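Asks: If you scroll down you'll find the structure; I have some questions about it.
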Amino acid sequence: MRPFTYTRAKDATSAIKLLAENPNAKFLAGGTNLLDLMKEDVERPNALIDISELGLTDIKTVTSGANKGGLSIGGLGKNTYAANHPLVRQNYPLLTQAILAGASGQLRNMATNGGNLLQRTRCPYFYEVSMPCNKRQSGSGCGAKEGINRMHAIFGWSEQCVAVYPSDMAVALAALDAVIKVRSTSGQERSIPIAEFHRLPGDQPEKDTNLLHGELITSIELPQNRFADKSYYLKVRDRASYAFALVSVAAALETQGNKIVQARIAMGGVAHKPWRALKAEQMLVGKDATDANFKLAADAEMADAKPLEHNKFKIELGNRSIVLALQMAMKVGKA
Amino acid sequence: MKDTNKTIGTPISRIDGIAKVTGKAAYSMDHPVKNPAYAILFKSTVAAGTIRDIDSAAAEKAPGVLGVITHKNVSKLNVKGGLRGGALLQSPEIEFYGQNIGIVVAETFEQARYASRLINVTYDKKEPKVDFNKVADQARLPKDKEKADAIRGDVQTALSQATHKVEEVYETPIEHHHPLEPHAAIAEWNGDNVTLYSSAQIVNGAQSAAAATLNLKPEQVRIVSPYIGGGFGSKGGQWANLALAAVAAKHVNRPVKLALTRQQMVNSVGMRQHNRQKVSLAATSDGKLTALAHETTTHCAINDEFVEPCGDCSKIMYDTPNSLITYRVVPMNLILPTYTRGPGKSTGSFALESAIDELAYKLKMDPIEFRIKNEPERDPSNGKPWSSRTTVQCLREGAKAFGWEKRKLEPRQNERGNYWIGYGVSAGTYPAHQRPTSALVKLKRNGEDVTATVELAAADLGTGTYTILTQTAADALGLPIQNVTVNLGDSNLPPAAGAVGSVGAASYANAVNDACEKITQELMTKSGKQYYVRPTAAQLMRSEKLIDYQTRVDSKPPESAEEYSAHSFNANFAEVAVNKSTGMIRVNRFLAVTGAGQILNPKTARSQIIGGNVWGIGMALTEESVVDPRWGNFVTRSFADYHVPSNLDIGTMEAIFIKEKDEHVNTLGVKGIGEVGIVGVAAAVVNAISNATGKRVRDLPITPDKVL
Ligand SMILES: Cc1cc2nc3c(=O)[nH]c(=O)nc-3n(C[C@H](O)[C@H](O)[C@H](O)COP(=O)(O)OP(=O)(O)OC[C@H]3O[C@@H](n4cnc5c(N)ncnc54)[C@H](O)[C@@H]3O)c2cc1C
Chain A
1 MRPFTYTRAK
11 DATSAIKLLA
21 ENPNAKFLAG
31 GTNLLDLMKE
41 DVERPNALID
51 ISELGLTDIK
61 TVTSGANKGG
71 LSIGGLGKNT
81 YAANHPLVRQ
91 NYPLLTQAIL
101 AGASGQLRNM
111 ATNGGNLLQR
121 TRCPYFYEVS
131 MPCNKRQSGS
141 GCGAKEGINR
151 MHAIFGWSEQ
161 CVAVYPSDMA
171 VALAALDAVI
181 KVRSTSGQER
191 SIPIAEFHRL
201 PGDQPEKDTN
211 LLHGELITSI
221 ELPQNRFADK
231 SYYLKVRDRA
241 SYAFALVSVA
251 AALETQGNKI
261 VQARIAMGGV
271 AHKPWRALKA
281 EQMLVGKDAT
291 DANFKLAADA
301 EMADAKPLEH
311 NKFKIELGNR
321 SIVLALQMAM
331 KVGKA
Chain B
1 MKDTNKTIGT
11 PISRIDGIAK
21 VTGKAAYSMD
31 HPVKNPAYAI
41 LFKSTVAAGT
51 IRDIDSAAAE
61 KAPGVLGVIT
71 HKNVSKLNVK
81 GGLRGGALLQ
91 SPEIEFYGQN
101 IGIVVAETFE
111 QARYASRLIN
121 VTYDKKEPKV
131 DFNKVADQAR
141 LPKDKEKADA
151 IRGDVQTALS
161 QATHKVEEVY
171 ETPIEHHHPL
181 EPHAAIAEWN
191 GDNVTLYSSA
201 QIVNGAQSAA
211 AATLNLKPEQ
221 VRIVSPYIGG
231 GFGSKGGQWA
241 NLALAAVAAK
251 HVNRPVKLAL
261 TRQQMVNSVG
271 MRQHNRQKVS
281 LAATSDGKLT
291 ALAHETTTHC
301 AINDEFVEPC
311 GDCSKIMYDT
321 PNSLITYRVV
331 PMNLILPTYT
341 RGPGKSTGSF
351 ALESAIDELA
361 YKLKMDPIEF
371 RIKNEPERDP
381 SNGKPWSSRT
391 TVQCLREGAK
401 AFGWEKRKLE
411 PRQNERGNYW
421 IGYGVSAGTY
431 PAHQRPTSAL
441 VKLKRNGEDV
451 TATVELAAAD
461 LGTGTYTILT
471 QTAADALGLP
481 IQNVTVNLGD
491 SNLPPAAGAV
501 GSVGAASYAN
511 AVNDACEKIT
521 QELMTKSGKQ
531 YYVRPTAAQL
541 MRSEKLIDYQ
551 TRVDSKPPES
561 AEEYSAHSFN
571 ANFAEVAVNK
581 STGMIRVNRF
591 LAVTGAGQIL
601 NPKTARSQII
611 GGNVWGIGMA
621 LTEESVVDPR
631 WGNFVTRSFA
641 DYHVPSNLDI
651 GTMEAIFIKE
661 KDEHVNTLGV
671 KGIGEVGIVG
681 VAAAVVNAIS
691 NATGKRVRDL
701 PITPDKVL
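Printed below as a string of structure tokens:
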């Protein structure tokens with residue numbers, strides 16, 4: 001690790017100020033991602049601002065604003081707490097399933113909701129500093145594009161970067177149209193819809209998100225919805241737990257009789273951000289919830305996929321996973 | 001005080017268990033030394049070429065740094081001293097990516113690691129040979145005589161005449177041992193002598209290799225290794241890090257702690273190599289094998305050779321008039337491969353036992369009956385009688401216990417919801433040897449209370465060696481186990497075989513038993529009395545009113561052992577469920593039936609077997625070390641990428657031991673279980689997947705994408 005200073009912030013205002021003053025400073029939440037990256041010399045902050053004692057951990061019903069009646073989840077709360085909170089389990093079981101599909105019990109006990117959103121890619125070329133990686137070192141090239149890219153993107157990648165974003169939680173948040181609340185030095189809060197929070201790599205793969213330096217994630221808001229009875233998070237991976245997704249699908253349906261009123265589908269493990277399967281969703285609205293329609297929707301979404309040398313299987317797997325997640329949503333429901 | 005009941009064969013818990021779970025057991029880095037400095041290795045970032053320059057000026061000025069050692073200032077070491085894998089900083093030549101090129105020593109580990117990142121290395125690069133697929137056709141005959149072509153009869157003719165045959169290629173990837181305790185050493189010099197606290201599967205081997213490399217006499221080096229946090233072969237032969245810890249300690253004139261990081265483990269301490277195995281089988285229509293060929297192509301290091309004996313099982317498992325076992329190997333710019341659990345047999349049995357299963361389908365025969373039909377009466381490779389052979393018993397008892405009759409002969413006949421269910425079976429074997437081992441037994445009496453201390457430079461890998469030797473000594477001396485202390489893992493103790501190749505239990509337990517027999521005999525002679533009922537050593541200490549008595553034995557295998565072919569045998573049964581949509585596979589149930597002679601402790605033995613089974617499941621489904629084919633670096637460098645099975649991957653595990661008494665193998669009738677536990681496992685899982693889905697995958701690991 002490179003030498004760094006460590007400050008334990010007392011409140012959000014001073015934490016934000018300390019960070020904003022130093023372009024090389026970073027917030028430290030659970031540390032489960034940042035510290036690993038520092039040990040490998042990938043992240044090189046010269047100052048850590050520990051935000052673990054700021055509070056901002058509550059989970060409560062939103063009482064005003066656009067998401068009134070929805071749920072507010074503290075940005076600094078632990079993943080384990082969020083996954084198991086009764087309001088989450090009852091009203092947003094998709095989120096419970098997605099969080100519990102990630103990492104391990106020990107990691108989730110440390111990991112925070114804000115830190116989870118900002119976890120960085122698991123691309124092995126990003127992780128090893130002797131390898132080329134435009135995300136880590138702008139202009140050094142992409143090791144994965146012509147290299148070992150079985151785990152990499154099939155949607156939205158660029159010549160600069162083919163990495164995928166690893167969070168499971170965020171895939172459910174994308175399906176649930178979450179809003180990320182952030183606070184900056186001015187003390188003002190700004191709301192970023194989840195769809196605009198993470199970015200595609202384009203020419204700036206070093207930028208994972210549209211969060212600005214100095215902004216603190218204070219909470220995540222979930223709008224009210226009627227998906228709680230019909231949702232499912234499917235994660236396909238190389239082993240049963242403690243592995244990142246090859247492909248994952250968060251599926252949520254609202255039905256009247258067998259007719260689909262609303263559909264939400266987001267995919268993980270396929271792009272540089274949670275991939276909202278809008279084409280598939282559009283195909284489903286107004287249709288009957290049948291296997292044949294699920295398949296048509298999956299075909300429509302996967303038709304745009306552009307695989308790399310080692311990840312061609314993700315097209316077929318993605319297709320089947322969309323269908324299965326929708327089937328399971330119809331069958332299983334609550335977490 | 002009356003004699004205690006026998007404890008051999010009873011499932012007593014590990015005597016070192018409490019020390020381990022409470023953190024009292026000292027592993028390599030835990031030994032207290034005064035004022036240690038910390039060293040870290042730094043490594044090449046090219047796979048082939050020559051170091052042009054190493055600029056360490058900034059590192060040397062970094063906080064806490066005590067020294068930087070590279071090929072430019074390292075002391076002369078003997079590269080042929082017996083440490084494996086080279087990388088001793090003796091030249092600027094680079095032979096693989098991640099080769100050690102220097103050491104930084106500092107006051108703290110963090111300072112050392114930080115400074116190592118300030119070092120700037122330039123290279124004259126060469127095109128590396130790192131893509132096995134590109135160079136496999138350059139493979140040549142190994143230098144190792146054991147790997148010469150073994151030909152019996154005429155396989156080609158038999159194959160060409162056969163109506164039923166299988167000719168397929170089976171691939172197993174590079175794997176790493178990844179013991180939970182990474183390789184680490186503390187080096188502490190005292191004048192010209194050095195103590196190395198470092199976990200070693202072969203204590204005396206580590207001592208002689210470290211000594212020869214450091215240009216010292218063996219007695220100038222002491223290895224202290226009371227506990228080992230796993231080794232699986234990677235701590236059998238020792239690697240450069242052991243000697244480099246001593247070099248660093250000398251350089252800074254202080255004790256030095258040198259541990260590898262998890263990421264460094266992939267190119268520091270060996271690996272299991274990628275094996276490409278072609279297996280050809282031919283049989284008559286009633287299922288009699290007429291030919292078996294097992295041809296392995298693999299890779300080794302640029303300047304050193306190691307080839308896994310993948311054809312070993314094929315040499316002895318089945319009776320066939322025509323047999324061919326060959327090896328070809330190509331040097332590559334990758335670290336030297338080495339022994340890895342069930343060396344050759346685990347990977348080789350995957351190929352052989354998959355092919356047997358494939359042929360059984362073609363013959364429309366039950367694969368168990370097919371195997372039994374080709375059971376050899378004697379060892380086909382040398383004509384010797386078996387000391388005992390339990391393959392048929394393992395298969396029959398296993399089939400009954402597992403409910404094999406529920407297996408469908410045709411694939412895709414068994415479904416449960418969205419899952420295909422399948423059953424698979426395999427058979428396996430591993431040789432049983434006893435190696436020369438010495439042991440010292442010391443008896444002490446205090447009133448009626450007799451206690452014993454047993455000492456030998458044996459290794460406990462975490463497998464239960466302390467426990468079984470305590471049992472062996474207690475029974476042989478007539479003492480309760482709490483009166484017996486066993487000391488292991490120190491080269492100052494009487495020399496012992498290594499905990500490798502499944503020779504540990506047989507070598508150590510027989511040596512301890514011999515020592516206890518000898519001490520009893522000596523005490524009887526000393527008493528000058530005639531005995532009608534043989535007294536125990538404990539009774540003799542009391543009757544002869546002795547306070548202290550000790551004896552040492554240099555134990556060897558019985559000469560008659562050479563007349564027999566001695567092996568452990570097993571049969572493995574797997575039930576898998578394959579998700580029809582996603583291809584995710586789960587092993588619902590696994591049963592291993594093992595014939596390994598006398599089982600000293602069924603509890604530690606079961607742990608050994610299911611541990612091997614779990615790794616075998618990992619071999620079948622999850623484990624793979626992936627090399628970038630352009631640059632030769634491993635892209636799977638942590639447990640996030642190198643997937644060992646998690647708890648959730650493992651269903652119900654069951655282990656059954658065949659009750660047998662092998663009269664020929666050694667005095668106690670003990671055969672090894674450490675290696676055989678992984679042999680055949682991958683094949684049983686793969687065969688079950690094939691039975692479930694109708695899909696035959698010949699390329700491990702079987703990740704979901706391969707069964708879609
Ligand atoms: C072996 C392993 C396996 C894993 N498997 C999975 C998996 O399968 N699925 C999955 O989804 N995840 C997985 N994870 C990742 C894990 O979920 C993340 O490491 C964790 O969520 C990060 O949270 P943290 O609080 O520890 O973040 P930290 O490491 O503390 O921070 C991460 C980043 O977020 C920034 N940050 C943190 N909080 C805030 C905030 N409130 N405002 C602004 N910036 C902030 C930090 O500055 C830092 O840059 C795995 C991790 C490991 C180590």
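In order, the protein sequence lines correspond to chains A and B. In terms of the UniProt record's numbering, the first sequence opens at residue 1 and continues consecutively. In terms of the UniProt record's numbering, the second sequence opens at residue 1 and continues consecutively. Don't be surprised by glycine CBs; every beta carbon is placed ideally from N, CA and C. Remember, predicted model here, so these are calculated numbers, not experimental data.
1. Based on the DSSP secondary-structure assignment, which residues constitute the bridge partners of B/VAL578?
2. Using a 10 Å radius around the Cβ and a threshold of 16 neighbouring Cβ atoms, would you call A/GLY105 buried or exposed?
3. So does A/ASN24 have its beta carbon nearer than 7 Å to some heavy atom of ligand 1?
4. Name the one or two DSSP bridge partners that A/LYS235 has.
5. In its own chain, which residues sit with a C-beta less than 8 Å from the C-beta of B/ILE316, not counting the 5 before and 5 after it?
6. Can you list, in chain order, the residues of its chain with a C-beta nearer than 8 Å to that of A/SER14? Leave out the 5 residues immediately preceding and following it.
7. Looking at residue 397 of chain A and ligand 1, is the gap between the Cβ and the nearest heavy atom below 7 Å?
8. Does the region 239–258 of chain B touch the region 29–43 of chain B, meaning 3 or more C-beta pairs lie closer than 8 Å?
9. Quick check on the DSSP output: the beta strand (DSSP E) that includes A/ARG183 runs from which residue to which?
10. Quick check: what's the CA-CA separation for B/ASN215 versus B/GLY67?
11. CB B/PRO411 to CB B/ALA688, shorter than 8 Å?
12. Tell me, please, whether the CB atom of B/PRO645 is closer than 8 Å to any CB atom in chain A?
13. Mind checking whether the beta-carbon of A/ASN116 lies closer than 7 Å to any heavy atom of ligand 1?
14. Quick check on B/VAL121 - is its C-beta less than 8 Å from some C-beta in chain A?
15. Run through chain B and tell me which residues come within less than 7 Å of A/ASP41, C-beta to C-beta.
16. Any idea what DSSP makes of A/GLN256, helix, strand or coil?
17. Any idea what DSSP makes of A/THR209, helix, strand or coil?
18. Is the shortest distance between the beta-carbon of B/MET584 and the beta-carbons of chain A less than 8 Å?
19. DSSP has B/SER555 in a bridge; who is on the other side?
20. Going along the chain, which residues of its own chain have a beta-carbon closer than 8 Å to the beta-carbon of B/ARG222, five neighbours each way excluded?
21. Residue range of the beta strand (DSSP E) that B/GLN328 falls in?
22. If we count the other Cβ atoms within 10 Å of its Cβ and call it buried at 16 or more, is A/ALA335 buried or exposed?
23. Using only the alpha-carbon positions, how far apart do B/THR467 and B/MET29 sit?
24. Measure the beta-carbon distance from residue 774 of chain B to B/GLY583 and round it to whole angstroms, keeping in mind my assumption that it falls under 8 Å.
25. By how many angstroms is the C-alpha of A/LEU28 removed from the C-alpha of A/ARG44?
26. Can you tell me the Cα-Cα spacing of B/ARG14 and B/ALA605, whole angstroms?
27. So B/ASP460 contacts chain A; which residues on that side make the cut at Cβ distance below 9 Å?
28. Does the beta carbon of B/ASN633 sit closer than 8 Å to a beta carbon anywhere in chain A?
29. Suppose you measure from the CA of B/GLU397 to the CA of B/VAL593; what does that come to, to the nearest Å?
30. For chain A, is any of its Cβ atoms less than 8 Å away from the one on B/ALA139?
31. Which of the three DSSP states is assigned to B/VAL626 in this structure?
32. Is the beta carbon of B/ASN601 less than 8 Å from the beta carbon of B/GLN434?
33. Less than 8 Å separating the beta-carbons of A/ASN79 and A/ALA101?
34. Going by DSSP, name the residue or residues bridged to B/ASN190.
35. Which bits of chain B does A/PRO3 rub up against, with CB to CB less than 8 Å?
36. So for A/LEU48, helix, strand or coil by DSSP?
Replies: Reading from the atomic positions:
1. Position 578 of the second sequence, counting from 1, holds the residue named residue 578 of chain B. For B/VAL578, which the question treats as bridged, DSSP gives the partners B/TRP420 and B/ILE585.
2. Walking along the first sequence from the start, residue 105 of chain A turns up at place 105. With fewer than 16 Cβ atoms within 10 Å of its Cβ, A/GLY105 is classed as exposed.
3. Walking along the first sequence from the start, residue 24 of chain A turns up at place 24. For ligand 1, not one heavy atom lies less than 7 Å from the Cβ of A/ASN24.
4. Here residue 235 of chain A refers to the residue found at position 235 of the first sequence. A/SER248, per the DSSP bridge assignment.
5. Start at 1 with the first residue of the second sequence, and residue 316 of chain B comes out as number 316. Answer for B/ILE316: PRO376, ASP379, PRO380, SER381, THR429, SER565 and HIS567, listed in chain order.
6. In the first sequence, residue 14 of chain A corresponds to position 14, counting from 1. Excluding positions up to five away in sequence, the list is empty.
7. For chain A, the structure presents residues 1 to 335; residue 397 of chain A sits outside this window and is missing.
8. yes
9. The sequence position of residue 183 of chain A within the first sequence is 183, counting from 1. Residues 179–183.
10. Taking the first residue of the second sequence as 1, we reach residue 215 of chain B at position 215. Taking the first residue of the second sequence as 1, we reach residue 67 of chain B at position 67. Rounded to whole angstroms, B/ASN215 to B/GLY67 spans 22 Å at the Cα level.
11. Numbered from 1 along the second sequence, position 411 holds the residue referred to as residue 411 of chain B. Numbered from 1 along the second sequence, position 688 holds the residue referred to as residue 688 of chain B. Against a cut-off of 8 Å, the Cβ pair of B/ALA688 and B/PRO411 comes out as no contact.
12. Locating residue 645 of chain B in the second sequence gives position 645, where the first residue counts as 1. Yes - at least one Cβ of chain A is within 8 Å of the one on B/PRO645.
13. Indexing the first sequence from 1 puts residue 116 of chain A at position 116. Flag set: Cβ of A/ASN116 near ligand 1.
14. In the second sequence, residue 121 of chain B corresponds to position 121, counting from 1. Not one chain A Cβ lies under 8 Å of B/VAL121.
15. Position 41 of the first sequence holds residue 41 of chain A. Within chain B, the residues near A/ASP41 are ARG117.
16. Taking the first sequence and counting its residues from 1, the one referred to as residue 256 of chain A is at position 256. DSSP places A/GLN256 in strand when its eight states are reduced to three.
17. On the first sequence, residue 209 of chain A is found 209 positions in, with the first residue counted as 1. Three-state DSSP puts A/THR209 in a strand.
18. Counted from its first residue, the second sequence places residue 584 of chain B at position 584. For B/MET584, the answer is yes, since a Cβ of chain A falls inside 8 Å of its Cβ.
19. Counted from its first residue, the second sequence places residue 555 of chain B at position 555. Its beta-bridge partners are B/THR437.
20. Start at 1 with the first residue of the second sequence, and residue 222 of chain B comes out as number 222. Closer than 8 Å at the Cβ level, and outside the excluded window around B/ARG222, lie ASN193, VAL194, THR195, LEU196, GLN207, ASP490, SER491 and ASN492.
21. Within the second sequence, the letter at position 328 stands for residue 328 of chain B. In the sequence under discussion, the amino acid at residue 328 of chain B is Arg, which differs from the Gln named in the question. First-last of the beta strand (DSSP E) with B/ARG328: 323–332.
22. As a first step, residue 335 of chain A is located in the first sequence; it is residue number 335 there, counting from the start. Because the pLDDT of A/ALA335 is 42, which lies under 50, any placement of that residue in the model is unreliable, and the number read from its coordinates should be weighed accordingly. Its Cβ being crowded by 16 or more others within 10 Å, A/ALA335 is buried.
23. The residue you call residue 467 of chain B lines up with position 467 of the second sequence. The residue you call residue 29 of chain B lines up with position 29 of the second sequence. Each residue's Cα considered, the two are about 23 Å apart.
24. It is not possible to answer for residue 774 of chain B, since the shown part of chain B is limited to 1 through 708.
25. Residue mapping note: residue 44 of chain A aligns to position 44 of the first sequence, counting from 1. Residue mapping note: residue 28 of chain A aligns to position 28 of the first sequence, counting from 1. Between A/ARG44 and A/LEU28, the C-alpha separation is close to 13 Å.
26. In the second sequence, residue 14 of chain B corresponds to position 14, counting from 1. In the second sequence, residue 605 of chain B corresponds to position 605, counting from 1. Cα to Cα, the separation comes out at about 11 Å.
27. In the second sequence, the residue the question calls residue 460 of chain B occupies position 460. Under the 9 Å cutoff, chain A gives no residues; its nearest Cβ is about 28 Å from B/ASP460.
28. The sequence position of residue 633 of chain B within the second sequence is 633, counting from 1. For B/ASN633, at least one C-beta of chain A is nearer than 8 Å to its own C-beta.
29. Within the second sequence, numbered from 1, the residue matching residue 397 of chain B stands at position 397. Within the second sequence, numbered from 1, the residue matching residue 593 of chain B stands at position 593. Approximately 8 Å, taken between the alpha carbons.
30. The sequence position of residue 139 of chain B within the second sequence is 139, counting from 1. Cβ-Cβ to chain A under 8 Å: no for B/ALA139.
31. As a first step, residue 626 of chain B must be located in the second sequence, where it is residue number 626. Of the three classes helix, strand and coil, the one that applies to B/VAL626 here is coil, per DSSP.
32. Your numbering for residue 601 of chain B matches position 601 in the second sequence. Your numbering for residue 434 of chain B matches position 434 in the second sequence. No.
33. If you number the first sequence from 1, residue 79 of chain A lands on position 79. If you number the first sequence from 1, residue 101 of chain A lands on position 101. It is not a contact, given that the beta carbons lie outside the stated cut-off.
34. Within the second sequence, numbered from 1, the residue matching residue 190 of chain B stands at position 190. Paired residue(s): B/ASN193.
35. Working through the first sequence from its first residue, we reach residue 3 of chain A at position 3. Those are PRO63 and TYR114, listed as they occur along chain B.
36. The sequence position of residue 48 of chain A within the first sequence is 48, counting from 1. Three-state result, A/LEU48: strand.
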